[in-house]
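Undergrad:
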Amino acid sequence: MSNYKIEHQPEESLFYVQLDDGQRAFLKYHRSGDKSASSEVDFWSTFVPDSHRSLGLAAELVEHGFAWAEKNGLHINTSCWYAAKKMEQRG
Numbered sequence: 000m001s002n003y004k005i006e007h008q009p010e011e012s013l014f015y016v017q018l019d020d021g022q023r024a025f026l027k028y029h030r031s032g033d034k035s036a037s038s039e040v041d042f043w044s045t046f047v048p049d050s051h052r053s054l055g056l057a058a059e060l061v062e063h064g065f066a067w068a069e070k071n072g073l074h075i076n077t078s079c080w081y082a083a084k085k086m087e088q089r090g
């Protein structure tokens with residue numbers, strides 16, 4: 000994973016990694032509420048192309064998204080099964 004840079008496109012509610020073959024791995028989210036501490040974010044979709052699976056990309060994207068949400072004081076929801084699994088592992 001260290002060869003890839005995670006980018007954030009807030010206007011598209013998306014974290015992504017641009018892959019060498021032109022494809023993207025991504026984490027999508029919905030943000031609700033205003034910019035206050037009562038705002039929420041729902042991580043609802045992760046995707047990694049078949050050719051790049053088992054490299055830890057989804058885990059890195061989700062952890063990056065969680066860190067961003069926590070830094071911004073957002074309550075985290077996880078509609079995506081993978082994000083929910085990672086949240087459960089955090090305890």
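Okay, so the sequence shown: first residue is 0 according to numbering that gives the first Met the number 0, each after it adds one.
Glycine included, every Cβ here is placed at the ideal spot set by N, Cα and C.
(1) Is S50 helix, strand or coil by DSSP?
(2) Per DSSP, A24 forms a beta bridge with which residues?
(3) Below 8 Å between beta carbons: does that hold for K85 and V61?
(4) Once the 5 residues before and after S12 are set aside, which same chain residues still bring their CB inside 8 Å of it?
(5) Apart from the five residues on each side of it in sequence, which residues of its chain come closer than 7 Å, Cβ to Cβ, to W43?
TA: So, to answer that:
(1) Residue 50 sits at position 51 when you count from the first residue of the sequence shown. Three-state result, S50: helix.
(2) As a first step, residue 24 is located in the sequence shown; it is residue number 25 there, counting from the start. Per DSSP, V16.
(3) On the sequence shown, position 86 is the one that residue 85 refers to. On the sequence shown, position 62 is the one that residue 61 refers to. Cβ atoms of K85 and V61: closer than 8 Å.
(4) Within the sequence shown, residue 12 is the residue found at index 13, counting from 1. So the list reads K27, Y28, H29 and R30, once near-sequence residues are dropped.
(5) On the sequence shown, residue 43 is found 44 positions in, with the first residue counted as 1. Same-chain partners within the cutoff: K27, Y28, H29, S78 and C79.
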